[in-house]
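Peer 1: Just so you know, the protein sequences line up as chains A and B, in that order. For the first sequence, the numbering used here gives the first residue as 148, with consecutive numbering after it. For the second sequence, the numbering used here gives the first residue as 148, with consecutive numbering after it.
Number of protein chains: 2
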Amino acid sequence: MNTAHNSSTRQQNSSTRQQIVDAAERRVTQVGFNGFSYADIASELGLTTASIHYHFPAKADLGVSLIERCEQRLREALAQVHRLDEDPVAQMRRLCAVSDSAARAGGMCLSGMLAAEFATLPRHMQERVRTLIHLEIQWLSSTLHEGVAKGRFVLKGDKTEAAHALASALHGAVMVSRVHGGHEAFKRSIDLIIEQVCQPVESEA
Amino acid sequence: MNTAHNSSTRQQNSSTRQQIVDAAERRVTQVGFNGFSYADIASELGLTTASIHYHFPAKADLGVSLIERCEQRLREALAQVHRLDEDPVAQMRRLCAVSDSAARAGGMCLSGMLAAEFATLPRHMQERVRTLIHLEIQWLSSTLHEGVAKGRFVLKGDKTEAAHALASALHGAVMVSRVHGGHEAFKRSIDLIIEQVCQPVESEA
DNA sequence: CTCAACCTATCTACGAGTAGGTGAGCAATG
DNA sequence: CATTGCTCACCTACTCGTAGATAGGTTGAG
Numbered sequence: 148m149n150t151a152h153n154s155s156t157r158q159q160n161s162s163t164r165q166q167i168v169d170a171a172e173r174r175v176t177q178v179g180f181n182g183f184s185y186a187d188i189a190s191e192l193g194l195t196t197a198s199i200h201y202h203f204p205a206k207a208d209l210g211v212s213l214i215e216r217c218e219q220r221l222r223e224a225l226a227q228v229h230r231l232d233e234d235p236v237a238q239m240r241r242l243c244a245v246s247d248s249a250a251r252a253g254g255m256c257l258s259g260m261l262a263a264e265f266a267t268l269p270r271h272m273q274e275r276v277r278t279l280i281h282l283e284i285q286w287l288s289s290t291l292h293e294g295v296a297k298g299r300f301v302l303k304g305d306k307t308e309a310a311h312a313l314a315s316a317l318h319g320a321v322m323v324s325r326v327h328g329g330h331e332a333f334k335r336s337i338d339l340i341i342e343q344v345c346q347p348v349e350s351e352a
Numbered sequence: 148m149n150t151a152h153n154s155s156t157r158q159q160n161s162s163t164r165q166q167i168v169d170a171a172e173r174r175v176t177q178v179g180f181n182g183f184s185y186a187d188i189a190s191e192l193g194l195t196t197a198s199i200h201y202h203f204p205a206k207a208d209l210g211v212s213l214i215e216r217c218e219q220r221l222r223e224a225l226a227q228v229h230r231l232d233e234d235p236v237a238q239m240r241r242l243c244a245v246s247d248s249a250a251r252a253g254g255m256c257l258s259g260m261l262a263a264e265f266a267t268l269p270r271h272m273q274e275r276v277r278t279l280i281h282l283e284i285q286w287l288s289s290t291l292h293e294g295v296a297k298g299r300f301v302l303k304g305d306k307t308e309a310a311h312a313l314a315s316a317l318h319g320a321v322m323v324s325r326v327h328g329g330h331e332a333f334k335r336s337i338d339l340i341i342e343q344v345c346q347p348v349e350s351e352a
């Protein structure tokens, strides 16, 4: 279940801590950061709230860890993409897949949910949310640049603006489709948006 | 202070009740339905929480009133549009203006925020949120139909799908831009999306 | 023996909701 | 036309539950 041999730096036990963050992430995507309590996670994991406070003294600490992990995953995926020189259209599909799994589960992306809750979040979390969303848009933007350069996308205007619009559409589609239309509507929406905004040139049939 | 002469049907005093709903709406668009308390509204209006409970026994009642009022405004606007046979491109701009004012204020649309909070809302509110979003999409859809018929939009695919995508993009743009890019980014995003998805034919210069 | 990783027990706060009271305004009636 | 009675709109003063957080004890592995 747990492949970590802790051979690396330190990070103590990590199993329980990991599970807490996992559970918190699931909750956030479903009910938001303010929608769950330590008690919820504790009962799910068979712990007490005090034990969670041991790992994350304040809820904001848990929130920050959550975002940082998500951000790190994004950076790693981004590095992977650059290392493998992955096809831009495939990159785009990969990024959409994140939203897609969120939509399939009837939840939202971490970043989207936290953007909605933004005004109620602790300062530290707000800054992290900003950088997380910024990173998403950067990814989209660089994918578009690369895709246009390689002739895989057709796109006249500014790439950063298009990236911003695509990120908006993705997060919006997840949000809207979970109350109206469901996962099918989500897929049709983003297919349409991607098609219209950056006109991907599929490899061929 | 109170301009109501109660000469009409009934609806009792309505002034305070109105103010409560107004205050609640402002709060919801900024911090969400779960982000404010009766105490917040009470102190803003110089009342006690008990007084608000008098008008809205449970918070869910306030929430439902909130949504119903919003829905009614939408229906009225829709009726107005049909009565005046307003230009489809102008209709589209009008609907965008709602999101625009929300984005300008750094908040979200009522429907968008409630969609994000969906899983934590009382059942009664959930149903209303569904119909509200449904109505928005219907409006967009009929506007697109009409616009295409009148040659004001260029749009090949299914209108309902495009409407869904547009609604998603609008709500997403409001949500994303308030944590990254601000109002300017919002405007650029929706301009781009509208342009790409339905290619409005402007009257002329 | 020490320390990480839990636990029990408790505190404080705040939020939703309730109970019951007050006073202004109006309506009917003796 | 003054009295009685009712209701609306608000109040004070709570209850009850829950959430975040703390203090300090226990356990088990190295």
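All residues carry an ideal CB built from backbone N, CA and C; glycine is no exception. All of these numbers come straight from a predicted model, not from anything done at the bench.
Following the continuous alpha helix (DSSP H) through L221 (chain A), name the residue where it begins and the one where it ends.
Peer 2: Segment K206 to L231, the alpha helix (DSSP H) holding L221 (chain A).
Peer 1: Can you check which of these residues, B:A189, B:V326 and B:H229, is closest to A314 (chain A) by C-alpha distance?
Peer 2: Taking only the C-alpha atoms, the option nearest A314 (chain A) is B:V326.
Peer 1: Identify the contact partners of Q343 (chain B) in chain A, using a Cβ-Cβ distance below 7 Å as the criterion.
Peer 2: Neighbours of Q343 (chain B) on chain A, chain order: Q343 and V344.
Peer 1: Among residues of its own chain, excluding the 5 on either side of F265 (chain B), which ones have a beta-carbon nearer than 7 Å to its beta-carbon?
Peer 2: For F265 (chain B), where only same-chain residues beyond five positions count, the Cβ hits under 7 Å are Q273 and V276.
Peer 1: Would you identify the three-state DSSP class for P347 (chain A), choosing helix, strand or coil?
Peer 2: In this structure, P347 (chain A) counts as strand in the three-state DSSP scheme.
Peer 1: Figure out for me which residue from A:A252, A:E172 and A:G259 has the closest Cα to the Cα of M255 (chain B).
Peer 2: For M255 (chain B), the nearest C-alpha among the options comes from A:G259.
Peer 1: How about Q166 (chain B): is its C-beta nearer than 8 Å to some C-beta of chain A?
Peer 2: Not an interface residue.
Peer 1: Bridge partners of F300 (chain A), per DSSP?
Peer 2: Beta-bridge pairing links F300 (chain A) to A:P347.
Peer 1: What separation, rounded to the nearest whole angstrom, lies between the Cα atoms of T150 (chain B) and R241 (chain B)?
Peer 2: Note that T150 (chain B) scores 28 on pLDDT, short of 50, meaning its location in the model is unreliable and no value can be drawn from it.
Peer 1: By how many angstroms is the C-alpha of L194 (chain B) removed from the C-alpha of G304 (chain B)?
Peer 2: Each residue's Cα considered, the two are about 53 Å apart.
Peer 1: Closest to L209 (chain A) by CA distance: which of A:Q165, A:C243, A:A224 and A:S190 is it?
Peer 2: Taking only the C-alpha atoms, the option nearest L209 (chain A) is A:Q165.
Peer 1: Hey, is E331 (chain B)'s beta-carbon within less than 8 Å of any beta-carbon in chain A?
Peer 2: No, because no Cβ of chain A sits closer than 8 Å to the Cβ of E331 (chain B).
Peer 1: With burial defined as no fewer than 16 other Cβ atoms inside 10 Å of the residue's Cβ, what is the status of G329 (chain A): buried or exposed?
Peer 2: Exposed: under 16 other Cβ atoms inside 10 Å.
Peer 1: So which residues of chain B does G210 (chain A) contact, with C-beta pairs closer than 7 Å?
Peer 2: Result: empty, since nearest Cβ-Cβ is about 14 Å, beyond 7 Å.
Peer 1: If I follow the unbroken alpha helix (DSSP H) through P235 (chain B), where does it start and stop?
Peer 2: Unbroken alpha helix (DSSP H) run through P235 (chain B): P235 to R251.
Peer 1: Under 9 Å, CB to CB, which of the residues in the stretch 188-210 of chain A have a partner in chain B?
Peer 2: Answer in chain order: no residues at all.
Peer 1: Measuring only the C-alpha atoms, how far is K306 (chain B) from M322 (chain A)?
Peer 2: Between K306 (chain B) and M322 (chain A), the C-alpha separation is close to 20 Å.
Peer 1: Please state whether DSSP places D305 (chain A) in a helix, a strand or coil.
Peer 2: In the structure shown, D305 (chain A) sits in coil (DSSP, three-state: anything other than H, G, I, E or B).
Peer 1: Along chain B, which residues have their Cβ under 7 Å away from the Cβ of V326 (chain A)?
Peer 2: Within chain B, the residues near V326 (chain A) are A262, F265, V276, R277 and I280.
Peer 1: According to DSSP, is H318 (chain A) helix, strand or coil?
Peer 2: Reduced to three states, the DSSP call for H318 (chain A) is helix.
Peer 1: How long is the line joining the alpha carbons of D234 (chain A) and F300 (chain A), rounded to whole angstroms?
Peer 2: Approximately 11 Å, taken between the alpha carbons.
Peer 1: Let me know the secondary structure DSSP gives A332 (chain A) once reduced to three states.
Peer 2: In the structure shown, A332 (chain A) sits in a helix (DSSP, three-state: H, G or I).
Peer 1: Give the straight-line distance between the Cα atoms of S289 (chain A) and R335 (chain B), rounded to the nearest whole angstrom.
Peer 2: Approximately 18 Å, taken between the alpha carbons.
Peer 1: Quick one: residues in its chain with C-beta nearer than 8 Å to the C-beta of F183 (chain B), no 5 flanking neighbours on either side, listed in chain order?
Peer 2: A171, R174 and V175.
Peer 1: Indicate whether at least one CB of chain A lies closer than 8 Å to the CB of E308 (chain B).
Peer 2: Judged by the 8 Å Cβ criterion, E308 (chain B) is in contact with chain A.
Peer 1: Going along chain B in order, which residues have a C-beta closer than 8 Å to the C-beta of Q177 (chain A)?
Peer 2: A266, listed in chain order.
Peer 1: Helix, strand or coil: which one does DSSP assign to E264 (chain A)?
Peer 2: E264 (chain A) falls in the coil class under three-state DSSP.
Peer 1: For L261 (chain A), which residues of its own chain have a beta-carbon under 6 Å away from its beta-carbon, when the five flanking residues on both sides are left out?
Peer 2: Hits under 6 Å: V276.
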